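*Asks:*
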Amino acid sequence: MLRSWRVKLKLLLATVTLAILLSWLYLFVGSLEYGRFLLLPPCLGEQPSRDVEREALASRVRRVEEENQQLRLQLGQAQAEGSDGSPQWGVSAEDRDPPGGERSNRTACPKQRTVHKCELLHVAIVCAGHNASRDVVTLVKSILFHRKNPLHFHFITDSVAHQILQTLFQSWMVPSVHVSFYNADDLKAGTCPSPLPCPKPPEVSWIPNKHYSGIYGLMKLTLTKALPSNLSKVIVLDTDITFATDIAELWAVFGKFSDKQVIGLVENQSDWYLGNLWKNHKPWPALGRGFNTGVILLLLDRLRRLGWEQMWRLTAERELMSMLSTSLADQDIFNAVIKQNPALVYRLPCFWNVQLSDHTRSEQCYTEVSDLKVIHWNSPKKLRVKNKHVEFFRNLYLTFLEYDGNLLRRELFGCASLPSPPSNQLQQALEELDEDDPCYDFRRQHLTQHRVHLFFLQYEFLALPNPTDVTLVAQLSMDRLQMLEAICKHWAGPISLALYMSDAEAQQFLRYAQASEVLSARRNVAYHIVYKEGQFYPINLLRNVALANTQTPYVFLTDIDFLPMYGLYDYLRNSIQQLELPQRKAALIVPAFETLHYRLTFPKSKAELLSMLDMGSLYTFRYHVWPKGHAPTDYAKWRTATVPYRVAWQPDFEPYVVVRRDCPKYDQRFVGFGWNKVSHIMELDAQEYELLVLPNAFMIHMPHAPSFDISKFRLSAGYRGCLQTLREEFHQDLSRRYGAAALKYLTAERSL
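Structure, rendered in structure tokens:
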């Protein structure tokens with residue numbers, strides 16, 4: 001062994017000497033410019049254009065260099081071999097010196113792009129539930145950050161993830177990004193065209209699986225059937241992946257497959273499939289260390305021709321007879337198939353799937369930051385996993401987690417793309433704005449397309465809502481977060497909240513909610529993130545998002561800085577039933593009060609509230625700064641009322657009401673402070689809603705620092721002038737929709 005190694009070393013030194021002599025000879029007879037092509041590795045696209053003799057000499061030197069490179073490779077393999085002659089783990093020819101210069105940061109050649117910049121790349125992801133939907137956003141951000149190509153995401157989802165991701169991508173409006181959804185429920189058990197007895201076998205629900213991903217961890221087996229038949233190849237990713245490079249580099253690897261290879265995978269970096277982790281550990285069969293399926297390259301057309309569906313089914317059925325269940329979901333079945341058919345797999349270099357689970361050999365996949373391409377958080381511990389460089393990986397992940405997704409709405413220059421109709425309409429509306437208009441900023445904010453992430457935390461949907469059930473609806477920003485626990489203690493029913501936050505603030509909120517015993521115990525509170533953009537608080541957009549995503553027949557439209565009386569949820573449901581609200585068009589008014597004290601002994605009854613009102617520790621809401629807003633509630637009558645009473649609409653009336661879920665939406669032209677609720681109550685009246693005050697209901701406003709928008713309203717004459725302009729335009733729109741009936745509002749406004 002040692003003598004063979006020395007012979008190879010001598011041969012290598014002799015070859016290097018010959019290469020140097022030939023290079024200097026060529027420099028001597030040719031120009032310095034052409035000699036450069038010999039001293040450096042030849043780069044694609046750089047061809048000397050001299051006479052035939054020099055071309056022949058250059059070709060000869062290149063051949064010597066290639067032979068030299070092969071000898072270096074052989075020498076490296078000899079050094080890597082152990083005493084038993086087996087190669088060192090995880091080091092392949094592509095890892096050492098990938099073809100095409102994949103690690104070209106160490107050479108003088110520019111990295112060559114093997115994928116056309118306008119080629120559409122396809123990515124498939126299985127995603128189910130609220131948590132996975134959050135994870136997939138971080139993955140998508142990391143892909144969009146690096147990408148230079150149009151992308152088509154194929155999501156196999158349950159109904160929850162479908163609703164979340166469809167709304168997110170529709171509101172994100174990223175250029176040159178297409179999204180398709182496929183129903184995972186159909187793939188779990190198969191579908192039948194009729195209610196008759198169905199001979200069609202289930203797809204994956206018949207496979208017992210111990211993995212924490214559940215049945216959705218088996219979905220990748222069905223992609224040849226789930227994805228469109230005309231889709232020939234796709235990159236398949238787990239949701240716990242983070243990209244550190246352009247995904248086009250991975251797409252280019254398809255070009256390296258042989259005629260027989262159909263699946264690209266990275267070798268598993270743990271000892272799982274070696275079967276030596278503990279006594280009697282018996283994993284599924286695998287080729288060597290096996291392969292990890294967090295990153296997969298699939299040639300779908302070849303797989304279909306091979307009969308992939310029958311292949312994996314027969315393999316799974318055979319192995320389950322002895323294994324009884326899968327431990328690592330689809331990964332076990334993929335490995336069992338490859339064990340029987342090793343020619344099917346293309347071994348990806350391990351930097352395409354650096355697996356950060358405990359006790360892996362992932363550190364052998366990289367020596368520099370530039371080596372990293374894909375990071376895989378494949379441990380149930382996720383960011384808490386043990387790894388020598390986990391702090392670096394964690395910071396990279398957190399960068400994308402908190403990255404402003406609005407910055408990823410960038411065009412791909414040089415690629416013709418067909419924008420969606422909503423994008424066209426928005427662009428046209430923006431172009432029609434007059435930048436010299438004093439109210440341009442208000443109009444621009446109204447047209448701003450905000451990203452929306454629905455159901456940011458776990459939420460248990462109601463299977464069959466009670467016909468009198470009611471959801472509390474409100475909106476807030478980061479500075480009102482402290483109100484959430486108190487509201488949850490006062491209101492036991494469902495809650496729908498829209499939160500206006502940046503990407504970073506959304507993660508702060510997530511940590512806050514998960515750490516709170518009160519909030520984490522609730523599963524009937526829906527949190528919808530509306531991401532920040534623009535200079536005004538889009539209050540009515542937030543209200544509409546929270547309102548649109550309720551499930552109960554009725555909604556209680558309130559603000560986050562109000563605490564409802566204890567027991568209000570049950571009282572409202574009883575009132576809805578007693579007043580026979582389903583048969584009438586009515587808005588139930590909950591009288592509003594306020595305290596100036598940050599600490600308040602909350603009244604347990606109407607009698608206690610009246611006592612506190614008489615003592616001066618409570619006040620009717622805004623009586624000292626804006627009495628018109630709630631005066632029509634008629635607090636004097638409410639003191640002694642025992643049954644609901646009707647009140648008439650008056651200018652600037654803005655009570656908090658309980659209405660049917662299908663009530664009019666809030667007018668989104670009103671942003672920041674002023675007229676956002678007034679306009680809504682006016683439209684309820686225009687639609688002939690009865691305004692009924694509840695005699696035994698109340699809510700109390702808690703003190704807080706003034707918002708930024710109310711400060712602007714008070715200090716800026718221009719702000720107040722624009723609000724007046726928007727009011728007049730709202731009146732005109734109201735008149736167009738409701739005709740003569742709406743004239744009373746304009747007349748009432750002018751009489752003030």
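The opening residue of the sequence shown carries number 1 in full-length UniProt numbering; numbering runs sequentially from there. All C-beta atoms, glycine included, are put in the ideal place defined by N, C-alpha and C. Just so it is clear, the structure is predicted and the values come from calculations on it, not from any experiment.
#1: Rounded to a whole number of angstroms, what is the C-alpha to C-alpha distance between Ala-252 and Thr-239?
#2: Could you check whether His-450 and Leu-541 sit closer than 8 Å to each other, using their CB atoms as the reference points?
#3: By a C-beta neighbour count over all protein chains shown, 10 Å radius and 16 as the cutoff for buried, is Phe-698 buried or exposed?
#4: I'd like the span of the alpha helix (DSSP H) that includes His-146, first residue to last.
#5: I'd like to know whether the C-beta atoms of Val-236 and Leu-303 end up nearer to each other than 8 Å.
#6: Could you give the first and the last residue of the continuous alpha helix (DSSP H) run that contains Ser-171?
#7: Go ahead and label Asp-158 buried or exposed: buried means 16 or more other beta carbons lie within 10 angstroms of its beta carbon, across all protein chains shown.
#8: Three-state secondary structure (DSSP) at Arg-410?
#9: Put Gly-101 into one of helix, strand or coil per three-state DSSP.
#10: Give every residue of the same chain whose Cβ lies closer than 6 Å to the Cβ of Arg-480, excluding the five residues on either side of it in the sequence, and list them in chain order.
#11: Which class does Thr-326 belong to by DSSP, given the choice of helix, strand or coil?
#12: What are the boundary residues of the beta strand (DSSP E) that includes Lys-233?
#13: Of the residues Phe-155, Asp-185, Phe-730 and Leu-187, which one's Cα is nearest the Cα of Val-179?
#14: Which same chain residues, not among the five before or five after Lys-233, have their C-beta less than 8 Å away from its C-beta?
#15: Relative to the C-alpha of Thr-242, which candidate in His-211, Leu-396 and His-630 has its C-alpha closest?
#16: Compare the Cα-Cα distances from Ser-477 to each of Ser-516, Glu-533 and Gln-445 and report the closest residue.
#17: So what does DSSP say about Phe-730, is it helix, strand or coil?
#18: Where does Ser-711 fall in DSSP's three states?
#19: So, helix, strand or coil for Glu-654, using DSSP?
#20: Identify, in the order they occur along the chain, each residue of the same chain with its Cβ nearer than 6 Å to the Cβ of Cys-439, setting aside the five sequence neighbours on each side.
#21: Would DSSP call Leu-497 helix, strand or coil?
#22: Short of 8 Å in beta carbon distance, which residues of its chain neighbour Asn-341, apart from the five on each side in sequence? Order them along the chain.
#23: Per the DSSP calculation, Thr-620 is bridged to which residue(s)?
#24: Tell me, please, whether the region 676 to 690 touches the region 566 to 580 by the rule of three or more beta-carbon pairs shorter than 8 Å.
#25: Report the three-state DSSP secondary structure of Asn-183 (helix, strand or coil).
#26: Hey, out of Met-682, Ala-498 and Met-483, whose CA is closest to Phe-455's CA?
#27: Mind checking Arg-646: buried by the 16 CB within 10 Å criterion, or exposed?
#28: Return the Cβ separation of residue 837 and Glu-690 in integer angstroms, given the expectation that the two are a contact with Cβ distance under 8 Å.
#29: Applying the 10 Å Cβ sphere with the 16-neighbour rule, what's the burial state of His-701?
#30: Could you check which residue in Asn-292, Lys-279 and Trp-626 has the C-alpha nearest to that of Tyr-346?
#31: When you compare only the Cα positions, how much space is there between Asn-524 and Thr-245?
*Replies:* The structure says:
#1: Here residue 252 corresponds to residue number 252 of the sequence shown, with the count starting at 1. Here residue 239 corresponds to residue number 239 of the sequence shown, with the count starting at 1. The straight-line gap separating the alpha-carbon atoms of Ala-252 and Thr-239 is approximately 22 Å.
#2: On the sequence shown, position 541 is the one that residue 541 refers to. On the sequence shown, position 450 is the one that residue 450 refers to. Going by C-beta atoms, Leu-541 is nearer than 8 Å to His-450.
#3: In the sequence shown, counting from the first residue as 1, residue 698 sits at position 698. Under this definition Phe-698 is a buried residue.
#4: Taking the first residue of the sequence shown as position 1, residue 146 is located at position 146. Annotation: the continuous alpha helix (DSSP H) that includes His-146 extends over 129 to 146.
#5: As a working mapping, residue 236 is identified with position 236 in the sequence shown. As a working mapping, residue 303 is identified with position 303 in the sequence shown. It is not a contact, given that the beta carbons lie outside the stated cut-off.
#6: Residue 171 sits at position 171 when you count from the first residue of the sequence shown. Following the DSSP letters along the chain, one finds Ser-171 inside the alpha helix (DSSP H) bounded by residues 159 to 172.
#7: Translated into positions along the sequence shown, residue 158 becomes position 158. By the 10 Å Cβ count, Asp-158 comes out buried.
#8: As a first step, residue 410 is located in the sequence shown; it is residue number 410 there, counting from the start. Shown here, Arg-410 sits in coil according to DSSP, grouped into three states, outside any helix or strand.
#9: Position 101 of the sequence shown, counted from the start, is the residue given in the question as residue 101. Low confidence applies here, because Gly-101 scores a pLDDT of 38, under 50, leaving its location unreliable; read the following figure in that light. Note: Gly-101 maps to coil in three-state DSSP.
#10: For the purposes of this step, residue 480 is identified with residue 480 of the sequence shown, where counting begins at 1. The residues are Ile-560.
#11: Indexing the sequence shown from 1 puts residue 326 at position 326. Strand, per DSSP.
#12: Residue mapping note: residue 233 aligns to position 233 of the sequence shown, counting from 1. Going by DSSP, Lys-233 is part of the beta strand (DSSP E) stretching over 233 to 237.
#13: Here residue 179 refers to the residue found at position 179 of the sequence shown. Measuring from the Cα of Val-179, the nearest candidate turns out to be Phe-155.
#14: By one-based count along the sequence shown, residue 233 stands at place 233. So the qualifying residues of the chain are His-122, Phe-254, Leu-297, Leu-298, Leu-299, Leu-300 and Asp-301.
#15: Translated into the one-based positions of the sequence shown, residue 242 becomes position 242. Looking at the Cα atoms, Leu-396 is the closest of the given residues.
#16: Start at 1 with the first residue of the sequence shown, and residue 477 comes out as number 477. Comparing Cα positions, the closest option is Glu-533.
#17: Within the sequence shown, residue 730 is the residue found at index 730, counting from 1. Helix at Phe-730.
#18: Here residue 711 is taken as the residue at index 711 of the sequence shown, counted from 1. Residue state, collapsed to three classes: helix.
#19: Along the sequence shown, read from residue 1 onward, the residue named residue 654 stands at position 654. Glu-654 sits in coil when the DSSP states are folded into three classes, being neither helix nor strand.
#20: Sequence index remark: in the sequence shown, residue 439 carries index 439 (1-based). Same-chain partners within the cutoff: Cys-722 and Thr-725.
#21: Within the sequence shown, the letter at position 497 stands for residue 497. Note: Leu-497 maps to strand in three-state DSSP.
#22: Taking the first residue of the sequence shown as 1, we reach residue 341 at position 341. Met-311, listed in sequence order.
#23: Residue mapping note: residue 620 aligns to position 620 of the sequence shown, counting from 1. DSSP lists Phe-593 as partners of Thr-620.
#24: With the cut-off at 8 Å, the region 676 to 690 and the region 566 to 580 do not touch.
#25: Residue 183 sits at position 183 when you count from the first residue of the sequence shown. Note: Asn-183 maps to strand in three-state DSSP.
#26: Walking along the sequence shown from the start, residue 455 turns up at place 455. The residue from Met-682, Ala-498 and Met-483 with its alpha-carbon nearest to that of Phe-455 is Ala-498.
#27: The sequence position of residue 646 within the sequence shown is 646, counting from 1. It counts as exposed.
#28: This structure leaves residue 837 out entirely; the chain is present only between 1 and 752.
#29: Here residue 701 is taken as the residue at index 701 of the sequence shown, counted from 1. Buried, by the Cβ-count rule.
#30: Indexing the sequence shown from 1 puts residue 346 at position 346. Looking at the Cα atoms, Asn-292 is the closest of the given residues.
#31: Walking along the sequence shown from the start, residue 524 turns up at place 524. Walking along the sequence shown from the start, residue 245 turns up at place 245. Taking the straight line joining both Cα atoms gives about 40 Å.
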